[in-house]
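To get the working numbering, take the position in the sequence shown, counting from 1, and add 461. Beta carbons: idealized from backbone N, C-alpha and C, even for Gly. These numbers come from a predicted model, not from an experiment.
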Amino acid sequence: MGQPYVGELRMFAGNFPPMGWMFCEGQVLPISENQTLFTLIGTTYGGDGQSTFALPDLRGRLPMHAGTSQGGTTHTLAETGGVEEVTLTANQVPAHSHGLPVSSTAASSRSAVGGVPAATAAEAPWATAGPTEAMTTSTAAGGSQPHTNMQPYLCVNFIISLFGVFPPQS
462 MGQPYVGELR
472 MFAGNFPPMG
482 WMFCEGQVLP
492 ISENQTLFTL
502 IGTTYGGDGQ
512 STFALPDLRG
522 RLPMHAGTSQ
532 GGTTHTLAET
542 GGVEEVTLTA
552 NQVPAHSHGL
562 PVSSTAASSR
572 SAVGGVPAAT
582 AAEAPWATAG
592 PTEAMTTSTA
602 AGGSQPHTNM
612 QPYLCVNFII
622 SLFGVFPPQS
């Protein structure tokens with residue numbers, strides 16, 4: 462591969478950045494030593510714009526193309542989002558019920574096999590036939606604990622080129 466563009470990002474499997482590259486860890490750099498890179502990214506990722514600017518910070522992040530998605534959501538350059546864990550609210554759980562079928566007829570069996578709780582419980586607490594209803598009384602379930610929200614992943618390093626060819630505009 463030829464010389465990289467200044468500001469080009471690459472995934473890198475090594476544990477050190479090659480010469481002329483830096484890890485994308487949000488480091489704040491002096492503009493005076495990195496004028497070409499500053500010309501390209503400015504203060505998009507941080508810095509004061511007078512004497513410093515920052516590199517993108519991709520630690521724990523998945524890069525995503527900036528722009529408007531097919532669904533109509535717009536994401537701007539340097540925007541961050543997402544969470545590693547989420548706790549669902551009651552409104553986010555799919556609609557469902559925890560009904561218990563019961564019979565409105567008298568009990569007719571001593572066996573629970575194929576039966577449902579009966580309206581009367583003389584000696585036989587189970588009904589094997591008759592109309593059934595659903596009792597709606599139940600206690601709350603769940604512990605409101607967060608659960609992981611992350612897709613499977615493999616950690617690699619992202620590096621950015623400090624030097625190279627200035628990218629021409631098309």
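Residue nearest to residue i in terms of C-alpha spacing, selected from the options
i	options	result
Gln606	Pro491, Val547, Pro629 and Gly625	Val547
Ala539	Asp518, Ser530, Val554 and Thr550	Asp518
Glu486	Leu516, Ala474 and Cys616	Leu516
Ile502	Gly532, Gly468 and Pro524	Gly468
Ile620	Gln553, Pro524 and Thr513	Pro524
Residue i to residue j span [Cα, whole Å]
i	j	result
Phe477	Asn618	9 Å
His557	His608	20 Å
His526	Thr541	12 Å
Arg520	Gly604	31 Å
Pro491	Pro479	20 Å
Gln630	Gly475	31 Å
Phe514	Gly481	17 Å
Gly508	Phe484	17 Å
Cys616	Asn552	34 Å
Chain-order list of residues whose beta-carbon lies under 8 Å from that of residue i (same chain, five-residue window excluded)
i	result
Gly528	Thr535 and His536
DSSP beta-bridge partners of residue i
i	result
Glu546	Thr609
Tyr466	Val626
Thr513	Pro491
Gly528	His536
Arg471	Ile620
Val554	Bridge partners of Val554: none, in fact.
Met480	According to DSSP, which records beta bridges pairwise, Met480 is partnered with nothing at all.
Close Cβ partners of residue i (< 6 Å) along its chain, the five nearest in sequence each way excluded
i	result
Pro465	Ser622 and Gly625
Gly633	There is no way to answer for residue 633, as the model of the chain reaches only from 462 to 631.
Neighbourhood of residue i by C-beta distance below 7 Å, restricted to the same chain and skipping five residues each side
i	result
Asn610	Val544, Glu545, Glu546 and Val547
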